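Residue numbers (the numbering used here): 34 to 299.
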Amino acid sequence: MKPVAFDYTAPPDVKSALSALAAEGAKLIAGGQSLGPMLNLRLTRPRLLVDISRIDALRIIERRGDSLWIGAATTHARIEDDCDGMLQTVAAGIAYRSVRNRGTIGGSMAHADPAADWPLALTAFGAFIHVHGPAGGRRIPAGEFMVGAFTTTLGDAELIEAVEVPVPSADARWGYYKFCRKTGEFPEASAAVLLDPKRRVANVVVGALNGAPRRCDDLAQRVAQRDQIDANAFAAAVAAVADLDALALRMHAVALARAVEQAVPS
Ligand SMILES: Cc1cc2nc3c(=O)[nH]c(=O)nc-3n(C[C@H](O)[C@H](O)[C@H](O)COP(=O)(O)OP(=O)(O)OC[C@H]3O[C@@H](n4cnc5c(N)ncnc54)[C@H](O)[C@@H]3O)c2cc1C
C-alpha cells in the first residue's frame with residue numbers, strides 16, 4: 034500500500050518544529066524507520082509530516098557536567114561511531130547499518146517498541162528524557178517514559194529534544210545481552226546491567242517483554258553484592274516482573290544471566 038497524501042515540512046529549529054506540530058493532524062518524522070512502514074500500511078494517516086532529522090540542535094552529542102547529552106535526532110550509526118562502552122555496543126547491535134544510518138535515538142524512544150534497544154539501555158543507564166512542548170520542558174526518567182507497548186508519556190504536541198545519560202565512572206561494569214533469531218532482527222529477550230558503586234548505581238533491567246522494560250531491583254542488589262545467583266533465581270527475578278510463558282521466561286532468564294555474567298564474570 035501507499036501512504037495517504039500528506040504535506041511535508043522540514044523546519045530549521047525546535048521552535049518552528051513545535052509550532053508546525055501544533056497543527057491538526059501533524060506528526061513528527063525523524064529517521065522514518067518505523068513511521069515509514071506505518072504510513073505505507075496506513076496505520077497512521079497524518080495530514081502533515083514535520084521532519085526534524087536536519088535540526089542541528091537535535092543532533093548534538095555533548096558532555097555537560099557528569100552527563101552526556103545526545104540529541105533526539107542523533108542516529109544510531111553516529112552513536113556507534115562517536116560513543117564508547119555500553120552506548121556504542123547497544124547502537125552497533127541495532128538492526129543493520131542502513132537502518133542505523135537513519136533511525137534515531139529519539140524516534141526509538143517515542144515509538145516505544147517493547148523489543149527496542151534504547152528503552153532498555155537508557156533505563157539501565159538511569160538516563161533522562163528531555164521533552165519540549167507548548168507548556169515548556171520536562172525531564173523524565175527513562176524508566177518512566179515508556180508506559181506500555183508503543184505507549185509513552187509524550188503528549189501529542191511534545192517532542193523529545195535529547196536524552197541525558199549519566200556518564201559511568203571508570204570502575205563501572207556493564208552487560209548487555211539479547212537473543213535475536215537472525216542478526217539485525219528485534220530481540221526476543223534482552224537484558225541490561227549497569228553496576229557503578231561509586232555512583233551507588235546497581236541497575237538490572239529486562240526487555241523485550243509485553244510492555245516497557247522492567248527493573249529487577251532485588252536481583253540488582255544481589256548482583257552488586259557479588260552473591261552467587263543460580264538459574265532459578267534469574268527465572269524468579271523475571272517471573273516477578275513479567276507474565277511470560279515457559280519458553281519466553283527461560284529465554285529472558287538466560288539473557289539476564291548472560292548480561293550479569295558480562296558485568297560480573299564468575
Ligand atoms: C528492519 C528494521 C530492524 C530494526 N531493528 C531494531 C532493533 O533490533 N532494535 C531497535 O531498537 N530498533 C530496531 N529498529 C527500529 C529503528 O532502530 C528506529 O530506531 C526506529 O524505527 C525509530 O526511529 P526513527 O528515527 O526511524 O523514528 P521514525 O520512524 O521517524 O518515528 C517513529 C515514531 O517516533 C516519533 N518521533 C520521532 N522522533 C521523535 C522525537 N524527537 N520526539 C517525539 N516523537 C518522535 C514519530 O512521530 C513516530 O511516531 C529496526 C527498524 C527496522 C526498519
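We put the CB at the ideal spot given by N, CA and C, even for glycine. Quantities reported herein were computed from a predicted structural model and do not represent experimental measurements.
Query: Within its chain, find whatever has a CB closer than 7 angstroms to the CB of SER202; leave out the 5 residues flanking it on each side and keep chain order.; Result: ASP229, LYS231, ARG232
Query: With DSSP run on the structure shown, which of helix, strand or coil describes ASN236?; Result: strand
Query: Return yes when the C-beta of SER49 is under 7 angstroms from any heavy atom of ligand 3, and no when it is not.; Result: Annotation note on ligand 3: not contained in the displayed structure, which lists ligand 1 as its ligands.
Query: Determine the extent of the beta strand (DSSP E) in which GLY159 is found, giving its start and end residues.; Result: First-last for GLY159: undefined, no H or E at that position.
Query: May I ask which residues mark the beginning and end of the beta strand (DSSP E) holding ILE5?; Result: What is shown of the chain runs 34 to 299, which leaves residue 5 out entirely.
Query: Among the candidates GLY98, ARG133, LEU101, ARG97, whose CA atom is the shortest distance from the CA of GLU113?; Result: ARG133
Query: Between LEU54 and the rest of its own chain, which residues show a CB-CB distance below 7 angstroms, the 5 nearest in sequence each way excluded?; Result: LEU61, VAL83, ALA190, LEU192
Query: Which ranges would you report for the beta strand (DSSP E) in the segment 46-83 if only whole runs of at least 3 residues count?; Result: 59-62
Query: Which word fits ASN73, buried or exposed, when buried means at least 16 other C-beta atoms lie within 10 angstroms of its C-beta?; Result: exposed
Query: Please list, in chain order, all residues of the same chain as THR42 whose beta carbon is under 8 angstroms from its beta carbon, the five residues on each side excluded.; Result: ALA53, LEU81, LEU82, VAL83, ASP84
Query: If we count the other Cβ atoms within 10 Å of its Cβ and call it buried at 16 or more, is LYS48 buried or exposed?; Result: exposed
Query: Measuring only from the beta carbon, is GLN66 closer than 7 angstroms to any heavy atom that is part of ligand 1?; Result: yes
Query: I'd like the list of long-range same chain contacts for PRO44, defined as Cβ closer than 6 angstroms, with 5 residues on each side in sequence excluded.; Result: ALA50, ALA53
Query: What does the alpha-carbon distance come out to for the pair GLY139 and SER67?; Result: 12 angstroms
Query: Count the other CB atoms, across all protein chains shown, that sit within 10 Å of the CB of GLY69; report buried if there are 16 or more and exposed otherwise.; Result: exposed
Query: Could you please give the first and the last residue of the uninterrupted alpha helix (DSSP H) stretch that includes VAL293?; Result: 279-296
Query: When the Cα atoms are used, what is the spatial distance from ALA286 to GLY58?; Result: 42 angstroms
Query: Cutting at 8 angstroms between CB atoms, please list the residues of its own chain near TRP207, excluding the five before and the five after it.; Result: GLY118, MET119, ALA157, PRO201, ALA225, VAL226, LEU227, LEU228, GLN295, ALA296
Query: Tell me the rounded alpha-carbon separation between LEU187 and TRP151.; Result: 16 angstroms
Query: Give a single yes or no on whether ILE88 has its beta carbon closer than 7 angstroms to a heavy atom of ligand 1.; Result: no
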